[in-house]
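The structure appears below as structure tokens.
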Amino acid sequence: MSTFMLKNSALSTTPVSNIFIEKHMPKARGEFIKVYLLLLKYSVSGEIGVNSTILASALNLLESDIMNALNYWNDEGVLRLIPIDKMGNFNVEFVNLGEEQESSKVSLLEELNNSSVKDMLQEVEKLLARPLSPKEMSTYISWERDLNFSLEMILLLIQYCISKGKSDYRYFEKVALSWFDSNIKTIDDAQLYIKRHEEKWNKYRRILNYLGIKDADIMKPQEEMLNKWVNQYNFPVEIIEKACSICFERLNRADFKYIDGILNSWHKDNIKTLQDISEKDARRVNYKKTNNYNNNNKNSTFNNFDQRVYNFDELERKLLGWDKDD
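In the working numbering, the protein residues as written are 3 to 328.
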């Protein structure tokens with residue numbers, strides 16, 4: 003009798019749904035697929051959590067690439083990205099794609115039996131002038147559960163986005179997360195937030211129009227400078243426009259960094275009005291005049307002493323010794 007000893011080896015695999023491979027993978031970017039697969043591996047291997055730095059380092063990507071990938075898969079319904087706090091931390095739930103197709107239909111049908119939900123979705127369809135896809139309906143309904151938004155808040159949010167010319171549900175979702183991060187919980191909170199946001203952007207647009215720039219063309223650093231000038235320094239728009247005019251006079255172009263330098267100086271000098279600027283300019287002119295006057299006086303020191311008056315006849319008598327004969 004022979005005995006055969008079998009060497010056991012641990013089977014280490016990560017199951018990937020065929021629905022993911024057939025439906026979602028072909029149209030996704032390569033780095034998004036890498037992020038999904040690595041995160042899935044961590045999930046099935048029992049890891050409690052992982053941060054974006056580790057993922058980015060392992061895949062040779064930027065941390066922003068990690069977030070872009072997760073937002074993409076969240077939009078695709080492949081996973082759920084649920085905010086935990088305001089610090090950019092999330093719960094990640096992988097969707098069982100095989101079961102999700104059926105369960106989501108049942109869940110959506112159940113939600114549509116709720117007359118309030120149905121009325122809200124119909125109002126959204128009127129605003130968009132088109133029917134909603136199941137994915138859009140599921141997204142909006144999920145905000146009530148995941149973000150604790152009331153149906154009235156959800157409708158107000160979508161109305162606000164549409165009023166800004168935005169009709170993509172991905173944009174709606176970004177605004178919803180922004181409201182969540184800003185701790186907006188009620189209709190009153192939302193209306194106050196919208197009012198303040200619009201007042202802020204009305205000032206931004208006035209400044210940008212003065213510079214001949216469309217607000218859609220500005221980058222994040224420029225928006226941060228506008229925020230500093232308007233909200234941190236509390237400068238009236240007229241003051242900022244004056245700094246823009248000075249920039250144009252000196253450089254013949256709009257330069258945010260140059261304008262920022264002027265406004266930093268004015269903030270340091272506690273400038274608050276156009277009158278303050280005029281007075282500062284007047285002091286500078288007077289200082290230059292005084293400086294020039296003093297410099298001119300220094301250069302003419304030779305002429306600033308009392309000149310003596312000489313009696314040349316008397317000097318001659320002393321030199322010749324005639325004064326002793328007297």
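Beta carbons: idealized from backbone N, C-alpha and C, even for Gly.
| query | result |
| --- | --- |
| Any beta strand (DSSP E) of 3 or more consecutive residues that is wholly inside the stretch 226–267 | none |
| Three or more C-beta pairs below 8 Å linking the stretch 237–254 and the stretch 270–280 | yes |
| Ile186 vs Tyr162 beta-carbon contact at 8 Å | no |
| Cα-Cα separation, Ser105 to Glu226 | Note on Ser105: pLDDT 44, under 50, position unreliable in the model; the coordinate value appears next. Going by the C-alpha atoms only, they are around 44 Å apart. |
| Where Arg82 falls: helix, strand or coil (DSSP) | strand |
| Close-in-space but distant-in-sequence residues of the same chain around Leu64 (CB under 8 Å, 5 per side omitted) | Ala58 |
| Reduced DSSP secondary structure (H/G/I, E/B, other) of Val97 | coil |
| Between the CA atoms of Leu134 and Lys128 - distance to the nearest angstrom | 10 Å |
| Test item: CB-CB of Glu113 and Thr141 under 8 Å | no |
| Inter-residue spacing [alpha-carbon to alpha-carbon] between Ile279 and Arg285 | 10 Å |
| Candidates Gly263, Cys246, Ser66: closest to Arg255 by CA position | Cys246 |
| Coil, strand or helix - Phe151 by DSSP | coil |
| Exposure of Met89, with buried meaning 16 or more beta-carbon neighbours within 10 Å | exposed |
| Runs of alpha helix (DSSP H) lying entirely within the stretch 106–138, each at least 4 residues, in chain order | 117–130 |
| Sequence-distant residues of its chain with Cβ nearer than 6 Å to Trp145 (five each side left out) | Phe151, Ile156, Ala178 |
| Cutoff 8 Å; reference Ile264; Cβ partners in own chain excluding five residues on either side | Ala245, Ile248, Cys249 |
| Same chain, Cβ closer than 6 Å to Ser11, neighbours up to 5 away in sequence not counted | Confidence is the limiting factor: at Ser11 the pLDDT is only 47, short of 50, which leaves the residue's position unreliable, though a coordinate-based value still follows. Hits under 6 Å: none found. |
| Same chain only: Cβ atoms within 7 Å of Val97, ignoring 5 sequence neighbours per side | Gly79, Val80, Leu81, Arg82 |
| Residue(s) in a DSSP beta bridge with Phe92 | Pro85 |
| DSSP-derived helix/strand/coil call for Gly48 | coil |
| Which of helix, strand or coil DSSP assigns to Met69 | helix |
| Three-state secondary structure (DSSP) of Phe307 | Caution applies to Phe307, whose pLDDT of 47 falls short of 50 and renders its modelled position unreliable; the value that the coordinates give is listed next. Phe307: coil per DSSP, three-state reduction. |
| Residue of Trp75, Leu40, Ile160, Ser45 minimising C-alpha distance to Lys25 | Trp75 |
| Residue interval of the alpha helix (DSSP H) (run including Thr188) | Careful: Thr188 lies outside any alpha helix (DSSP H) and carries neither H nor E. |
| From Asn204, Tyr212, Ile86, residue whose alpha carbon lies closest to that of Lys166 | Asn204 |
| Under the three-state DSSP convention, the category Ile21 falls into | helix |
| Coil, strand or helix - Lys176 by DSSP | helix |
| Where Ile68 falls, given that 16 or more other Cβ within 10 Å makes a residue buried | buried |
| Through-space distance from Phe182 to Ser54, alpha-carbon basis | 21 Å |
| Ala60 - containing alpha helix (DSSP H), residue span | 54–61 |
| Met37 and Leu72 closer than 8 Å at C-beta | Per the sequence presented here, residue 37 reads as Val, with Met not at that position. Yes, the Cβ-Cβ distance between Val37 and Leu72 is below 8 Å. |
| Rounded separation between Thr15 and Arg172 - CA only | 33 Å |
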